[in-house]
Amino acid sequence: MSLPALEWIEPAAVEPSPQAREAAGSDLLACVLARRGVTAPADILALLNPAGQPAHSPSDLPDLDLGVERTARALKLGQRIGVWGDFDVDGQTSTALLVGALRSLGSDVCYYIPIREKESHGVHVASLSAFLQQGVQLLLTCDTGVTAHAAVEFAAQQGVDTIITDHHGLPPTLPPAAAVINPQRLPEAHPLRPLCGAGTAYKFIEALYAHLGRPGEEAQWQDLAALGTVADLALLTGENRPLVWRGLEQLRQNPRLAVQAMLENANIKETWLTEEHISFTLAPRLNALGRLSDANPAVEFLLSTSPSQTAVFAAQLEGYNLERRQLCDQVFAAAQNQIRQDPGLLRSPVLILHHPLWPGGVIGIVASRLVELYQRPVLMLTGHPDGPLRGSARSVEGVHITQAIAETESLLLGYGGHPMAAGLALPAEKLGAFRRELARAVRRQTAQQAPVGQLLIDAELPLGRIDLDLVDGLERLAPFGPGNPPLTFVARGVKLRGEPVGIGRGQEHRRMQVLDPQSETLLEMLWWQSADLPYPQGEFDLAYRLRASTFQGQRRVQGEWVAYRDREGAPIPVAQAAVTLTDWRAVRAWEDLPAPLPPDALIWAEGLTPRLPGSVDRLGWRPAPVLTVATLPPSRGDLNAALQAVQPQTVILLGIDPGLDEPQAFLTRLSGLVRAVLKRPEPTESLTRLAAAMAHPAHNVRLGLEWLAAAGHIHMHISPENQVVFSSGGDPDPALAQRLEAALRAALQETAAFHAYYLQAAPAALTAHSPART
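Numbers 798 to 1571, taken from this note's numbering, label the letters of the sequence shown in order.
1. Can you look up L1060 in the DSSP assignment and give me helix, strand or coil?
2. Can you tell me where the alpha helix (DSSP H) with R1097 in it begins and where it stops?
3. Looking at the secondary structure, which residues open and close the beta strand (DSSP E) in which G1087 lies?
4. So what does DSSP say about G1157, is it helix, strand or coil?
5. Count the CB pairs spanning the region 968 to 985 and the region 938 to 949 that are closer than 8 Å, and state whether there are at least three.
6. Report yes or no: do the region 1441 to 1452 and the region 1469 to 1485 share at least 3 C-beta pairs separated by less than 8 Å?
7. Comparing C-alpha positions only, which one of D1264, A998 and P1182 sits nearest to E1226?
8. Measure how close the beta-carbons of A1398 and R1415 come, nearest whole angstrom, since I'm counting them as under 8 Å.
9. Taking V1359 and R1342 to be in contact with their CB atoms under 8 Å, please state how far apart those CB atoms are, rounded to whole angstroms.
10. Once DSSP output is grouped into helix, strand and coil, what is the label at V1423?
11. So, for P1431: in the same chain, excluding its five sequence neighbours on each side, which residues have a beta-carbon less than 7 Å away from its beta-carbon?
12. Cutting at 8 Å between CB atoms, please list the residues of its own chain near L861, excluding the five before and the five after it.
13. With C-beta atoms as the reference, is G966 less than 7 Å away from G1213?
14. Taking the runs of the beta strand (DSSP E) that are 3 residues or longer, which of them lie wholly in the region 1457 to 1523?
15. DSSP state of S1076, grouped into three classes?
16. Determine the direct distance from the alpha carbon of A1543 to that of M1513, and round the result to whole angstroms.
17. I think H1306 touches L1323, with their Cβ atoms under 8 Å apart; what is that distance to the nearest whole Å?
18. Counting along the chain, where does the alpha helix (DSSP H) carrying F1286 start and finish?
19. Please name the residue or residues paired with W1358 in a DSSP beta bridge.
20. Could you please give me the residues that DSSP links to M1217 through a beta bridge?
21. Is the beta carbon of G897 closer than 7 Å to that of C939?
22. Hey, would you say P815 sits closer than 7 Å to A827, going by beta carbons?
23. Once you ignore the five residues that flank L1070 on each side, which residues in its own chain have a CB closer than 7 Å to its CB?
24. If you follow the alpha helix (DSSP H) that G1452 is in, where does it begin and where does it stop?
25. Would you list the one or two residues that DSSP bridges to H1151?
26. According to DSSP, which residues form a beta bridge with H964?
27. Roughly how far, in whole angstroms, is the beta-carbon of T1107 from the beta-carbon of L1024, given that I think they are within contact range, below 8 Å?
28. Look at the alpha carbon of Q1310 and the alpha carbon of A923, and state the distance between them as a whole number of angstroms.
29. For G1366, is the classification buried or exposed, using 16 other Cβ atoms within 10 angstroms of its Cβ as the cut-off for buried?
30. Is the CB-CB distance between I841 and A810 below 7 Å?
31. Just the C-alpha distance for L1030 and A1132, rounded to the nearest angstrom, thanks.
32. Assuming G1290 and E1336 are in contact, meaning their beta carbons sit under 8 Å apart, how far apart are those beta carbons, in whole angstroms?
33. Could you tell me if S1316 is buried or exposed, where buried requires 16 or more neighbouring beta carbons within 10 angstroms of its beta carbon?
34. Using C-beta distances below 7 Å, list every residue in its chain close to P1370, excluding the 5 sequence neighbours before and after it, in chain order.
35. According to DSSP, N846 sits in a beta bridge with which residue or residues?
36. A998 and T962: beta carbons closer than 7 Å?
Below you can see the structure in the form of structure tokens.
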């Protein structure tokens, strides 16, 4: 498929003062900051030195002193404090932060996090009643509670005071709690206003430690505050940016055991940890627990001082994360299919998608992916037409999505959120009216700046100017996120060197080699979620981002592909290849060919023993005039990749089934392949080669290998370059193996569904995404 054309906003001409250039340390950084409105030397120095920014007094938060005094009284009287949290990462870290701090102060504390599938967000009277029966004498909420009128009133009837710490939008009237500590009660420009749930909890315990004569001890919890802030897409302005900066420093220098265990499982060194690792590595693992199971164990995990316990739980998180990724991939593919079938959805400034069977636990994650692709707010809804629809929204810079949703309140059953993310519920019959009203609300917000569908370029930066020192200088602007977006550069007149290489579990991403002909500089770019997207064939302008990455202990420059356009600035048209098709999919065995194949045919066949004469697997693709697809292709992405690599003028479609879609057959063959590798002097094999031998997507094979390891059959390690190192023996983990088996079955069912589609689809539909020959 192709993406909608983005309007590129070229960098404005600026002329920073000599003092601004000196403060920034480079002309490039001074110009970037000037385009973002930061020109005063003092402001530049403050922005580039978040460590030097003083923390703002927590007492500015309304009701904070009341909450601190009531909590201090509970500590003095030995009253049991119950912490009520939430199941997303902000809620998990908030809960762990409060529980850990209160324990350090000698509190008798218990906690509860609602289970998503049973209760959803909020404080529910039925569950609260059971919680209070544990002897709770003071209720303390975090990341929730500001709309919990009934729960607060119920607690009061039981003789229990409530202190609310929350950051979500305020209702018309506040609950009758002993204290309602919410940064949304502050003026719009106050530096504490952007705090998330974990940040609000952190400021609360900062004040509590000071009140009890132990100032400064709150610093031990700033890593949890940073985790919650980044994971919740909170604006990195005001207090949040220095708080995240300090939390990242703590995670790099002295990570708590839980974080260390998760990073080890993801093959990431904590030394160079960034906010991106929180967003794409740590947060998804913790979120998977809350989205698919019970998040309560995450509290003890985050607070644990036992290496063995954290290692075991981190391994369990890997299983949940694999399942979460599988669900996300399925929903993402379905969302893309909806857009393909109805391109008119992209004419709206907000993309709204609905499917009755989408799992509510992952639609917010997929919405974030779609925001990156389409550069506009995205709302994904799930629920049957005869019941309420529930949705998660994610936004872009310049659109306060919760405010926009608030303008449609008359159509809704409920909503809540903050500038970059929101949740809502509405009657199914109101969906049409809601689409229209939300689009109008977003248009009203963007009447002046109009960010929707636009790509803001921070500076022109030819590839020949890039080195690690320059990237390290740009990193002074980090941490990046909402309110402080990553820098986007443009390199003009570049070309691709060689063909893109698919990477990722399902080859859904690409590694691109980009050449600047002027300087003869070659830079590697990663292009996320690009497997089905066209790529340029000649000269083009590239919008990209830069970070320093660490691979095998070495730091290097890593580029991230954002978008491209032709040299005149218009979107590159996606021409379709003129391909002649021969449909022999009724042929299920090689000996049943109705006629000999052309002598110049490249035969693609995988997973068969013995192999077909003269055939190649995916590692043997090369340009050829005729491509014979002999065995069932593993996936749409693999079929597209074959067409792009071979660039055939004729495609012959056969229907030979390797017979590996059933779990038992799949695992039997995979085990045999692994045993053969183990007999080698160096028992190493590439994941791609194993996938080719299995005739399956690499993602399926990876799941199978991880199941073999969890079942205790093997030890194995997969490098970032997808090289698998095997050793005999194993450490069984029955719980993880059970979850991996379920994820593998789902993956195999998805592949079988594609095989069924391949055998019955119109032939032209199967080659519709191949690029034109050049």
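By construction, the Cβ of each residue, glycine as well, lies at the ideal position given by its N, Cα and C atoms. None of these values were measured; they are calculated from a predicted model.
With the given structure in hand:
1. Taking the first residue of the sequence shown as position 1, residue 1060 is located at position 263. In this structure, L1060 counts as helix in the three-state DSSP scheme.
2. For this step, residue 1097 is matched to residue 300 along the sequence shown. A small fix is needed here, since residue 1097 is Glu in this sequence, not Arg. Segment P1094 to L1100, the alpha helix (DSSP H) holding E1097.
3. Residue mapping note: residue 1087 aligns to position 290 of the sequence shown, counting from 1. G1087 -> not in any beta strand (DSSP E); alpha helix (DSSP H) instead, spanning A1080 to L1089.
4. Taking the first residue of the sequence shown as 1, we reach residue 1157 at position 360. Three-state result, G1157: coil.
5. Inter-segment contact for the region 968 to 985 and the region 938 to 949 is present: three or more beta-carbon pairs are separated by less than 8 Å.
6. no
7. By 1-based counting over the sequence shown, the position of residue 1226 is 429. Of the listed residues, the one whose Cα sits closest to E1226 is P1182.
8. In the sequence shown, the residue the question calls residue 1398 occupies position 601. In the sequence shown, the residue the question calls residue 1415 occupies position 618. At roughly 17 Å, the Cβ-Cβ gap does not stay under 8 Å, so A1398 and R1415 are not in contact.
9. Counted from its first residue, the sequence shown places residue 1359 at position 562. Counted from its first residue, the sequence shown places residue 1342 at position 545. At roughly 6 Å, the Cβ-Cβ gap stays under 8 Å, so V1359 and R1342 are in contact.
10. Stepping through the sequence shown from its first residue, residue 1423 is reached at position 626. Looking at V1423 - three-state DSSP - the assignment turns out to be strand.
11. What you label residue 1431 is simply residue 634 of the sequence shown in a count that begins at 1. Same-chain partners within the cutoff: A1492, H1493, P1494 and T1548.
12. Start at 1 with the first residue of the sequence shown, and residue 861 comes out as number 64. Once the five neighbours on either side are set aside, the close Cβ partners of L861 are P855, A976, I978, K1000, F1001 and A1004.
13. Here residue 966 refers to the residue found at position 169 of the sequence shown. Here residue 1213 refers to the residue found at position 416 of the sequence shown. Going by C-beta atoms, G966 is nearer than 7 Å to G1213.
14. Qualifying beta strand (DSSP E) stretches, in chain order: 1481 to 1483 and 1511 to 1515.
15. For the purposes of this step, residue 1076 is taken as the residue at position 279 of the sequence shown. In the structure shown, S1076 sits in a helix (DSSP, three-state: H, G or I).
16. Within the sequence shown, numbered from 1, the residue matching residue 1513 stands at position 716. Within the sequence shown, numbered from 1, the residue matching residue 1543 stands at position 746. Roughly 23 Å separates the two Cα atoms.
17. As a first step, residue 1306 must be located in the sequence shown, where it is residue number 509. As a first step, residue 1323 must be located in the sequence shown, where it is residue number 526. Correct: roughly 6 Å between the Cβ atoms.
18. Residue mapping note: residue 1286 aligns to position 489 of the sequence shown, counting from 1. That residue, F1286, is in no alpha helix (DSSP H); its beta strand (DSSP E) goes F1286 to L1293.
19. Here residue 1358 refers to the residue found at position 561 of the sequence shown. BP columns for W1358 point to Y1341.
20. By one-based count along the sequence shown, residue 1217 stands at place 420. Bridge partners of M1217: none, in fact.
21. Within the sequence shown, the letter at position 142 stands for residue 939. Within the sequence shown, the letter at position 100 stands for residue 897. Cβ distance not < 7 Å, so C939 and G897 don't count as in contact.
22. Translated into the one-based positions of the sequence shown, residue 815 becomes position 18. Translated into the one-based positions of the sequence shown, residue 827 becomes position 30. Contact annotation: P815 and A827 have beta-carbon atoms that are not nearer than 7 Å.
23. As a first step, residue 1070 is located in the sequence shown; it is residue number 273 there, counting from the start. Closer than 7 Å at the Cβ level, and outside the excluded window around L1070, lie L1045, L1048 and R1049.
24. For the purposes of this step, residue 1452 is taken as residue 655 along the sequence shown, with counting starting at 1. Counting along the chain, G1452 falls outside any alpha helix (DSSP H), though it belongs to the beta strand (DSSP E) covering T1447 to I1453.
25. Against the sequence shown, residue 1151 aligns to sequence position 354. For H1151, which the question treats as bridged, DSSP gives the partners L1178.
26. Taking the sequence shown and counting its residues from 1, the one referred to as residue 964 is at position 167. Partner(s): none; H964 has no beta bridge.
27. Mapped onto the sequence shown, residue 1107 falls at position 310. Mapped onto the sequence shown, residue 1024 falls at position 227. Not confirmed; about 15 Å, so no contact.
28. By one-based count along the sequence shown, residue 1310 stands at place 513. By one-based count along the sequence shown, residue 923 stands at place 126. Cα to Cα, the separation comes out at about 57 Å.
29. Indexing the sequence shown from 1 puts residue 1366 at position 569. Since pLDDT at G1366 reaches only 45, below the 50 mark, its modelled position is unreliable, and no value is offered.
30. In the sequence shown, the residue the question calls residue 841 occupies position 44. In the sequence shown, the residue the question calls residue 810 occupies position 13. Contact: no.
31. Position 233 of the sequence shown, counting from 1, holds the residue named residue 1030. Position 335 of the sequence shown, counting from 1, holds the residue named residue 1132. Straight-line Cα distance between these residues: approximately 22 Å.
32. As a first step, residue 1290 is located in the sequence shown; it is residue number 493 there, counting from the start. As a first step, residue 1336 is located in the sequence shown; it is residue number 539 there, counting from the start. Right, their Cβ atoms sit about 5 Å apart.
33. Your numbering for residue 1316 matches position 519 in the sequence shown. By the 10 Å Cβ count, S1316 comes out exposed.
34. As a first step, residue 1370 must be located in the sequence shown, where it is residue number 573. For P1370, the pLDDT reaches just 36, beneath the cut-off of 50, and the residue's location in the model is therefore unreliable, leaving the point undetermined.
35. Along the sequence shown, one-based indexing puts residue 846 at 49. None, per the DSSP bridge assignment.
36. As a first step, residue 998 must be located in the sequence shown, where it is residue number 201. As a first step, residue 962 must be located in the sequence shown, where it is residue number 165. The answer is yes: Cβ separation under 7 Å.
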